[in-house]
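Report on the structure given below.
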Amino acid sequence: MAAEALWQDPVPLALDTAPLPEYGSGSLADLLPTLAAGQGVPNLTAAISELTPADRNCVFLIDGLGWEQIKAHPDEAPYLTSLLGSSRGNTGRPLTAGFPATTATSLASVGTGLPPAAHGLPGYTVRDPATGALMNQLRWKPWTAPHVWQPYPTVFQLADAAGVHTAQVSSPTFAHTPLTKVALSGGTFLGRLSGEERMDLAAEQLGAGDRSLVYTYYSEVDGKGHRFGVDSDAWRGQLMYADRLAQRLAEQLPPRAALYVTADHGMIDIPFDEESRIDFDEDWELRAGVALLGGEGRARHVYAVPGAATDVLTVWREVLGDRFWVASRDEAIAAGWFGPPGAMDERVYDRIGDVVAAAHDDVAITASAQEPHESAMVAMHGSMTPVEQLVPLLEVRS
Numbered sequence: 013m014a015a016e017a018l019w020q021d022p023v024p025l026a027l028d029t030a031p032l033p034e035y036g037s038g039s040l041a042d043l044l045p046t047l048a049a050g051q052g053v054p055n056l057t058a059a060i061s062e063l064t065p066a067d068r069n070c071v072f073l074i075d076g077l078g079w080e081q082i083k084a085h086p087d088e089a090p091y092l093t094s095l096l097g098s099s100r101g102n103t104g105r106p107l108t109a110g111f112p113a114t115t116a117t118s119l120a121s122v123g124t125g126l127p128p129a130a131h132g133l134p135g136y137t138v139r140d141p142a143t144g145a146l147m148n149q150l151r152w153k154p155w156t157a158p159h160v161w162q163p164y165p166t167v168f169q170l171a172d173a174a175g176v177h178t179a180q181v182s183s184p185t186f187a188h189t190p191l192t193k194v195a196l197s198g199g200t201f202l203g204r205l206s207g208e209e210r211m212d213l214a215a216e217q218l219g220a221g222d223r224s225l226v227y228t229y230y231s232e233v234d235g236k237g238h239r240f241g242v243d244s245d246a247w248r249g250q251l252m253y254a255d256r257l258a259q260r261l262a263e264q265l266p267p268r269a270a271l272y273v274t275a276d277h278g279m280i281d282i283p284f285d286e287e288s289r290i291d292f293d294e295d296w297e298l299r300a301g302v303a304l305l306g307g308e309g310r311a312r313h314v315y316a317v318p319g320a321a322t323d324v325l326t327v328w329r330e331v332l333g334d335r336f337w338v339a340s341r342d343e344a345i346a347a348g349w350f351g352p353p354g355a356m357d358e359r360v361y362d363r364i365g366d367v368v369a370a371a372h373d374d375v376a377i378t379a380s381a382q383e384p385h386e387s388a389m390v391a392m393h394g395s396m397t398p399v400e401q402l403v404p405l406l407e408v409r410s
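Sequential numbering of the sequence shown, starting at 13, is according to this note's numbering.
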């Protein structure tokens, strides 16, 4: 009997074992609506019940710095570590990013206050139903009319219209990008190259109004993680720098202000071996019946040729189902991966893959020919595991 068990097919992961984002109570999409509602901006809900209103709110988003990474590196991030107990209104708990845990999706969730099912950026790359081609929502290629793709106002726009002093302080590179337009526009965009300049200007802008909502951003923790891994010297150096930036900003807060340090996702190093990196471009089983491969290594949207969706789901579940949560489009939506029940906007439905695969193990589906740059990354993200999904909400008040 024991010998027979060794030859049994692996049991696919049950979809209800995927740790869902806390949409509506503790996700990134709930942060700005909660802060702005506390400032008196109408038609917004203070969904994160643990937070106390402040007249002046600043969000400092450190790209790629998940909750688990801070906890694992107290020596490199002494200041952020000292704030862990303040997270999520002094409960010492993290927020969840949303699915997939990737920059374009998370920034859209932050800026619009909507889950991916509504704002419509449900992945790194997704199919544009109007053209049938893959749309890279981070780089915005091929170009698509931004406010057709994401038509809802941002929280910054709503706050600005309500008389709140609103500003974004980031790299000048992002001043006019489509992602900024659809996710982070409203009020004044101020570009500064150095991290120190951004922190100083963010503090200045925070004090420029009786009610202020300010956002600032730093990207290189994520950049070094992708290139070198989240336990490399280069990554550790960036974590140390980000830690100093957060402290610099915190020490300049004007009166009646709250600073929230958060992130868009965490990251995980994926070993460079055939078991850990499954190359779609070299795997005939996974390619069968697939017209387009979207998403990224740990959160894949799979678009089937007409009539093949059921077969593709069956094969992907048989081949990967013990290492990935593998769902049909309707199953993923019903399970709440992209938002709470009823959140799915009709225009977003066909952007989601016929099959959606989210990594459970330390594994990724690469595409060496189609995605050579992404396939070479050391650290990746996208799925619903705690290391990717949990993000800090560290709080400092003046």
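C-beta atoms are modelled at their ideal positions from N, C-alpha and C, and glycine is treated no differently.
Because the structure is a prediction, the values reported are computed rather than measured.
When burial is assigned at 16 or more other CB atoms within 10 Å of the CB, is residue i buried or exposed?
i, result
"Lys153", "exposed"
"Val419", "Only positions 13 to 410 of the chain appear in this structure, which leaves residue 419 out of reach."
"Pro106", "buried"
"Thr103", "exposed"
"Met397", "Checking the displayed sequence, the identity of residue 397 turns out to be Thr instead of Met. Counting Cβ neighbours within 10 Å, Thr397 comes out buried, since at least 16 surround it."
"Val194", "buried"
"Phe284", "exposed"
"Asn55", "exposed"
"Glu88", "buried"
"Arg409", "exposed"
"Ala109", "buried"
"Glu294", "exposed"
"Met13", "Annotation note: pLDDT 46 at Met13 (below 50); position unreliable, coordinate value reported separately. Exposed, because fewer than 16 other Cβ atoms sit within 10 Å of the Cβ of Met13."
"Asp245", "exposed"
"Ala78", "Note that residue 78 corresponds to Gly in the displayed sequence, not to Ala. Burial call: buried."
"Gln401", "buried"
"Ala15", "Model confidence at Ala15 stands at a pLDDT of 49, short of 50, so the residue's coordinates are unreliable; what they give is reported in the following sentence. Ala15 should be labelled exposed."
"Leu205", "exposed"
"Ala125", "Per the sequence presented here, residue 125 reads as Gly, with Ala not at that position. It counts as buried."
"Gly207", "buried"
Start and end of the beta strand (DSSP E) containing residue i?
i, result
"Val411", "Residue coverage of the chain in this structure runs from 13 to 410, which leaves residue 411 outside it and unanswerable."
"Asp291", "289–291"
"Val273", "269–274"
"Thr228", "224–230"
"Met147", "146–148"
"Tyr315", "311–316"
"Val9", "Outside the modelled stretch of the chain, which goes from 13 to 410, sits residue 9, for which no answer is possible."
"Phe336", "336–340"
"Thr192", "Segment 190–195 is the alpha helix (DSSP H) holding Thr192; no beta strand (DSSP E) there."
Just how far apart, CA to CA, sit residue i and residue j?
i, j, result
"Val71", "Pro190", "21 Å"
"Gly348", "Gln264", "40 Å"
"Ala254", "Tyr230", "8 Å"
"Thr143", "Ala303", "13 Å"
"Thr115", "Asp222", "31 Å"
"Trp328", "Gly309", "14 Å"
"Thr326", "Leu146", "23 Å"
"Ala157", "Gln149", "12 Å"
"Ala369", "Arg312", "5 Å"
"Tyr227", "Trp296", "46 Å"
"Gly38", "Ile60", "6 Å"
"Asp362", "Ala220", "43 Å"
"Val367", "Gly319", "13 Å"
"Val390", "Gln81", "15 Å"
"Glu330", "Gly365", "18 Å"
"Met279", "Val160", "31 Å"
"Asp172", "Glu286", "51 Å"
"Ala258", "Ala113", "22 Å"
"Val176", "Arg68", "9 Å"
"Phe168", "Leu95", "26 Å"
The alpha helix (DSSP H) that contains residue i, what's its start and end?
i, result
"Trp296", "296–299"
"Trp247", "245–262"
"Thr322", "321–332"
"Tyr6", "An answer regarding residue 6 cannot be provided, because it is not within the stretch 13 to 410 covered by the chain."
"Ile82", "79–84"
"Leu40", "Counting along the chain, Leu40 falls outside any alpha helix (DSSP H), and DSSP gives it neither H nor E."
"Arg359", "358–361"
"Glu308", "Per DSSP, Glu308 belongs to no alpha helix (DSSP H); it is in the beta strand (DSSP E), 302–308."
Mind reading off the beta-carbon distance from residue i to residue j? Whole number of angstroms is fine, and I expect it under 8 Å.
i, j, result
"Asp291", "Ala379", "7 Å"
"Leu92", "Leu405", "Not a contact, Cβ separation roughly 12 Å."
"Pro45", "Thr57", "6 Å"
"Leu218", "Pro266", "6 Å"
"His277", "His385", "Actually they do not touch by this definition, with Cβ atoms about 18 Å apart."
"Val242", "Asp281", "6 Å"
Can you tell me whether residue i sits near the ligand MN, meaning its C-beta is under 7 Å from at least one heavy atom of the ligand?
i, result
"Ala214", "What this structure holds is no ligand at all, so the ligand MN is not there to describe."
- Segment contact, 8 Å Cβ cut-off, at least three pairs: the region 71–91 with the region 265–275: The region 71–91 is in contact with the region 265–275.
- Message: Count Cβ pairs between the region 339–348 and the region 372–383 that sit closer than 8 Å; are there 3 or more?
- Response: no
- With a cut-off of 8 Å, do at least 3 Cβ pairs link the region 177–185 to the region 194–205? yes
- Does the region 210–220 come close enough to the region 231–243 to have 3 or more Cβ pairs within less than 8 Å? The answer is no - the region 231–243 does not touch the region 210–220, with fewer than three Cβ pairs under 8 Å.
- Query: So, do the region 244–254 and the region 43–58 have three or more beta carbon pairs nearer to each other than 8 Å?
  - Reply: no
- Hey, is the region 123–136 in contact with the region 158–165, meaning 3+ C-beta pairs nearer than 8 Å? yes
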